[in-house]
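K.L.:
Just remember that my numbering sits 11 ahead of the position in the sequence shown, which is counted from 1.
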Amino acid sequence: MIPHTESGSFSTYLPEGCKLCQKGAKMVLFVTGLCSRDCFYCPISEERSGIDVIFANERPVYSDNDILEEACSMNALGTGITGGEPLLVQDRVAGYIELLKEHFGKSHHIHLYTSQSPQRDILQKLKTAGLDEIRFHPDIFDRQSLKEFIRSVKWAKELDIDVGFEIPSRKGAEHVAHAAMDQDIFLNMNELEFSHSNAEAMKEHGFTISNDVSCGASGSQAVASDIFRQNPGLKAHFCSSCFKDAVQLRTRLLRIAETTAREFDEITPDGTLFYGVIEGDVEEIVEMLNELEVPKKHYCPGKTRVELGWWVLEEISSEIIDHFTAWYEESYPTYGRLVVERIPLDLEGAAV
12 MIPHTESGSF STYLPEGCKL CQKGAKMVLF VTGLCSRDCF YCPISEERSG IDVIFANERP
72 VYSDNDILEE ACSMNALGTG ITGGEPLLVQ DRVAGYIELL KEHFGKSHHI HLYTSQSPQR
132 DILQKLKTAG LDEIRFHPDI FDRQSLKEFI RSVKWAKELD IDVGFEIPSR KGAEHVAHAA
192 MDQDIFLNMN ELEFSHSNAE AMKEHGFTIS NDVSCGASGS QAVASDIFRQ NPGLKAHFCS
252 SCFKDAVQLR TRLLRIAETT AREFDEITPD GTLFYGVIEG DVEEIVEMLN ELEVPKKHYC
312 PGKTRVELGW WVLEEISSEI IDHFTAWYEE SYPTYGRLVV ERIPLDLEGA AV
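Set out below in structure tokens:
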């Protein structure tokens, strides 16, 4: 029996890229929203889909330095290149691979996901740049095109690029599993999941959400289980929707938080940051904090507010409650610092 994780993932083989992703050590480099295919299940947001934009994790990329800063912020051990279709901008991709390898060294593991079946010269260009691993996404209902992917698989193996298939887990995937076994390559199966951008299309194709706590599609996990059971010896990994949220995201947030947290930030078990906020005239707030002998390392002035240790806010709440607006705040440590919760103060200074 194949062991399952608490979040529903299971595997008989884990590619190097996935191992680093589980540790939260892989930066996601989204190199373009352009794509030559129109998959109804594509979860890419409307802000990225069909648009030639670049993101390193959540950070918009306008220069090479943006990519390097994001990788450093999480102490990344590798990068996963995705899109859209990365090979529509293959020169850009090769340049980014070279950039990352030159800055972080050969050990910085880079994998690429593509729905194209590239010619040998393109694979050679990527290998020369430093690509370690490639994952092909064939159309599971186009058996003729699968032959072209197998040709690309053979070229990748000749060039010593780790190679596998990566597809959504849905009925019809069986022959891709057979091809993976025939070629002795790995197979990654991703649980179909609902997103804001694909929900209507998923429903139109007969899919429903599996439960109240997951975005996964009903039946997707069962398809993977059947394929694993029917193909002993298959080198495969099933990645659940819950795993992406409960493990991958959490471990990445913790990694970023440990690198970027200020001295007064409290890192929560989920990898978010918890701190206090005082809003108002910043000069007046800082003057008050100085009068109260709050150490400078315990607060950080901004344009319209001062962030500080939550325990500091609790201690001085009675001094500020009549003069400023204040609350406790929890946010992601990622670029843009998405706020996930605000908790107002009561008159005693404790969280309401």
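All C-beta atoms in this analysis are idealised placements derived from N, C-alpha and C, irrespective of residue type, glycine included. In this text, all values refer to a predicted model and were calculated from it rather than measured experimentally.
#1: DSSP state of residue 11, grouped into three classes?
#2: Return the CA-CA distance between residue 240 and residue 168, expressed in angstroms with no decimal places.
#3: Report buried or exposed for residue 337, applying the criterion of at least 16 other Cβ atoms within 10 angstroms of its Cβ.
#4: How should residue 276 be labelled, buried or exposed, when 16 other C-beta atoms within 10 angstroms of its C-beta is the threshold for buried?
#5: If we count the other Cβ atoms within 10 Å of its Cβ and call it buried at 16 or more, is residue 72 buried or exposed?
#6: Just tell me which of 51, 247 and 155 has its CA closest to the CA of residue 195.
#7: Roughly how many angstroms lie between the CA atoms of residue 100 and residue 42, to the nearest whole one?
#8: Spatial neighbours of residue 145 within its chain, please: CB distance less than 6 Å, with the 5 preceding and 5 following residues excluded, ordered by chain position.
#9: Take residue 197 and list the residues in its own chain whose beta-carbon comes closer than 6 Å to its own, dropping the five residues that flank it on each side.
#10: Can you tell me whether DSSP reads residue 28 as helix, strand or coil?
#11: Which of the three DSSP states is assigned to residue 319 in this structure?
#12: Among 243, 290, 293 and 326, which residue has its Cα nearest to the Cα of residue 305?
#13: Pick from 130, 95, 140 and 341: whose alpha carbon is nearest that of residue 113?
#14: Run the CB neighbour count on residue 365, radius 10 Å, all protein chains shown included, and call it buried at 16 or more, exposed below.
#15: Can at least three beta-carbon pairs, one atom from the segment 144 to 162 and one from the segment 180 to 188, be found at a separation below 8 Å?
#16: Taking the alpha-carbon positions, what's the residue 226 to residue 202 distance?
#17: Rounded to the nearest angstrom, what separates residue 28 and residue 262 at their Cα positions?
#18: For residue 193, does the count of other Cβ atoms within 10 angstroms reach 16, so buried, or fall short, so exposed?
#19: Excluding sequence positions up to five away, which residues of its chain have a Cβ less than 6 Å from the Cβ of residue 363?
#20: Along the chain, where does the alpha helix (DSSP H) that runs through residue 83 open and close?
#21: Could you name the residues of the same chain whose beta carbon sits closer than 8 Å to that of residue 209, not counting the 5 residues immediately before and after it, in chain order?
#22: Nearest CA to the CA of residue 234: which residue from 251, 222 and 224?
#23: Just to confirm, is the Cβ distance from residue 161 to residue 137 under 8 Å?
#24: Take residue 216 and list the residues in its own chain whose beta-carbon comes closer than 7 Å to its own, dropping the five residues that flank it on each side.
#25: For residue 238, which of helix, strand or coil comes out of DSSP?
#26: Counting only the same chain and skipping the five closest in sequence on each side, list residues whose C-beta sits under 8 Å from that of residue 96.
#27: Residue 157: buried (16+ other C-beta within 10 angstroms of its C-beta) or exposed?
#28: Which class does residue 102 belong to by DSSP, given the choice of helix, strand or coil?
#29: Can you tell which of 143, 230 and 224 has the C-alpha that lies nearest to the C-alpha of residue 183?
#30: Could you tell me which of 61, 320 and 39 sits nearest to residue 284, measuring between CA atoms?
#31: Taking only the alpha-carbon atoms, compute the straight-line gap between residue 89 and residue 342 and give it to the nearest angstrom.
#32: Residue 246 by DSSP, collapsed to three states: which one?
#33: Along the beta strand (DSSP E) that carries residue 201, what are the first and last residues, could you check?
#34: Rounded to the nearest angstrom, how far is the Cβ of residue 37 from that of residue 91, given a contact under 8 Å?
#35: What is the DSSP secondary structure of residue 184, reduced to helix, strand or coil?
P.N.:
Once the coordinates are examined:
#1: The structure shown does not extend to residue 11, since the chain spans only 12 to 363, so no value can be given for it.
#2: Walking along the sequence shown from the start, residue 240 turns up at place 229. Walking along the sequence shown from the start, residue 168 turns up at place 157. Looking at the two C-alpha atoms, the distance is approximately 27 Å.
#3: Here residue 337 corresponds to residue number 326 of the sequence shown, with the count starting at 1. By the neighbour-count rule (16 or more Cβ atoms within 10 Å), residue 337 is buried.
#4: As a position in the sequence shown, residue 276 is number 265, starting the count at 1. When all chains shown are included, residue 276 counts as buried.
#5: Taking the sequence shown and counting its residues from 1, one reaches residue 72 at position 61. Residue 72 counts as buried, since no fewer than 16 other beta carbons sit within 10 angstroms of its beta carbon.
#6: The count along the sequence shown starts at 1 and reaches residue 195 at position 184. When only C-alpha atoms are compared, the closest one is 247.
#7: Locating residue 100 in the sequence shown gives position 89, where the first residue counts as 1. Locating residue 42 in the sequence shown gives position 31, where the first residue counts as 1. Spanning the two alpha carbons is a distance of roughly 8 Å.
#8: Within the sequence shown, numbered from 1, the residue matching residue 145 stands at position 134. Counting only Cβ-Cβ distances below 6 Å, and skipping sequence neighbours, we find 123, 167, 172 and 174.
#9: Taking the sequence shown and counting its residues from 1, one reaches residue 197 at position 186. Only residues of its own chain outside the window of five on either side were considered, and among them 24, 26, 175 and 246 have a CB closer than 6 Å to the CB of residue 197, listed in chain order.
#10: Counted from its first residue, the sequence shown places residue 28 at position 17. When DSSP states are grouped into helix, strand and coil, residue 28 belongs to the helix group.
#11: Taking the sequence shown and counting its residues from 1, one reaches residue 319 at position 308. Reduced to three states, the DSSP call for residue 319 is strand.
#12: Taking the first residue of the sequence shown as position 1, residue 305 is located at position 294. Between residue 305 and the set 243, 290, 293 and 326, the nearest pair of CA atoms involves 326.
#13: Position 102 of the sequence shown, counting from 1, holds the residue named residue 113. Among 130, 95, 140 and 341, the Cα nearest to that of residue 113 is on 140.
#14: Residue 365 is absent from the structure shown; the chain starts at 12 and stops at 363.
#15: Three or more pairs of CB atoms, one per stretch, sit closer than 8 Å, so the segment 144 to 162 contacts the segment 180 to 188.
#16: Start at 1 with the first residue of the sequence shown, and residue 226 comes out as number 215. Start at 1 with the first residue of the sequence shown, and residue 202 comes out as number 191. Straight-line spacing of the CA atoms in residue 226 and residue 202 works out to 9 Å.
#17: The residue you call residue 28 lines up with position 17 of the sequence shown. The residue you call residue 262 lines up with position 251 of the sequence shown. The alpha-carbon atoms of residue 28 and residue 262 are separated by roughly 15 Å.
#18: To locate residue 193, count along the sequence shown from 1; it is residue 182. It is exposed - the Cβ of residue 193 has fewer than 16 other Cβ atoms within 10 Å.
#19: In the sequence shown, the residue the question calls residue 363 occupies position 352. With a pLDDT of only 42 at residue 363, under the threshold of 50, the placement of this residue in the model should not be trusted; the figure read from the coordinates follows. Cβ-Cβ distances below 6 Å link residue 363 to 355 and 357 in the same chain, with the five nearest sequence neighbours on each side left out; the list follows chain order.
#20: Along the sequence shown, one-based indexing puts residue 83 at 72. That run of the alpha helix (DSSP H) goes 75 to 84.
#21: Position 198 of the sequence shown, counted from the start, is the residue given in the question as residue 209. 51, 52, 53 and 54, listed in sequence order.
#22: Mapped onto the sequence shown, residue 234 falls at position 223. By alpha-carbon distance to residue 234, the top candidate from 251, 222 and 224 is 251.
#23: The residue given as residue 161 occupies position 150 in the sequence shown. The residue given as residue 137 occupies position 126 in the sequence shown. Result no, Cβ atoms of residue 161 and residue 137 do not sit closer than 8 Å.
#24: Here the question's residue 216 lines up with position 205 in the sequence shown. Take residue 216, set aside five residues on each side of it, and the residues of its chain with a beta-carbon closer than 7 Å to its own are 51, in chain order.
#25: By 1-based counting over the sequence shown, the position of residue 238 is 227. Correct three-state label for residue 238: helix.
#26: The count along the sequence shown starts at 1 and reaches residue 96 at position 85. Here the set comprises 43, 45, 46, 47, 48, 125, 126 and 127.
#27: On the sequence shown, residue 157 is found 146 positions in, with the first residue counted as 1. So residue 157 ends up on the buried side.
#28: On the sequence shown, residue 102 is found 91 positions in, with the first residue counted as 1. In the structure shown, the three-state DSSP call for residue 102 is helix.
#29: As a working note, residue 183 is residue 172 in the sequence shown. The residue from 143, 230 and 224 with its alpha-carbon nearest to that of residue 183 is 230.
#30: Counting from 1 along the sequence shown, the entry for residue 284 is found at position 273. Nearest option by C-alpha distance: 320.
#31: Sequence index remark: in the sequence shown, residue 89 carries index 78 (1-based). Sequence index remark: in the sequence shown, residue 342 carries index 331 (1-based). Between residue 89 and residue 342, the C-alpha separation is close to 25 Å.
#32: As a working mapping, residue 246 is identified with position 235 in the sequence shown. Residue 246 falls in the coil class under three-state DSSP.
#33: Position 190 of the sequence shown, counting from 1, holds the residue named residue 201. That run of the beta strand (DSSP E) goes 197 to 202.
#34: One-based indexing of the sequence shown puts residue 37 at position 26. One-based indexing of the sequence shown puts residue 91 at position 80. That belief holds up - the Cβ atoms of residue 37 and residue 91 are roughly 5 Å apart, short of 8 Å.
#35: Residue 184 sits at position 173 when you count from the first residue of the sequence shown. Here residue 184 sits in coil by DSSP.
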